[in-house]
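Numbered by my numbering, the letters in the sequence shown go through residues 12 to 103 in order.
Even glycine gets a Cβ: it sits at the ideal position worked out from N, Cα and C.
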Amino acid sequence: MIARARYFIYRAQRVIKGKQIEGILQPESWVPTENAFLKMESFTWDMYRMLAPDLMHEFELGVWKGAFVHLIRILYAHGGDAITNLNLRYRL
């Protein structure tokens, strides 16, 4: 279905929002795009293992800030060079 819609868009030069394309895609709420990793499908390759989780996008900013502040307070309570070691990691 998607290949057929893409044929009409790119080869027959139909409008994406036209009745013909919408008639093909709308019943299943599809879009005329292909995944960039579709060509890798034949290999035993899992694209989800390639993507590293980004914790900043998993939590709300306030929750992340609260957790980070709490960890800094733990380092201060620990004493020693803990805060200095953390600061060294963030320097350029």
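Could you check how far apart the C-beta atoms of residue i and residue j are, in whole angstroms? I think they sit under 8 Å.
i	j	result
residue 13	residue 32	About 11 Å separates the two Cβ atoms, so there is no contact after all.
Less than 8 Å between the C-beta atoms of residue i and residue j, yes or no?
i	j	result
residue 87	residue 94	yes
residue 16	residue 43	yes
residue 48	residue 58	yes
The alpha helix (DSSP H) spanning residue i covers which residue range?
i	result
residue 83	72-89
residue 31	30-36
residue 58	58-61
residue 94	93-101
residue 16	13-21
Take the Cβ of residue i as the centre, count every other Cβ of all protein chains shown within 10 Å, and call the residue buried at 16 or more, exposed below.
i	result
residue 35	buried
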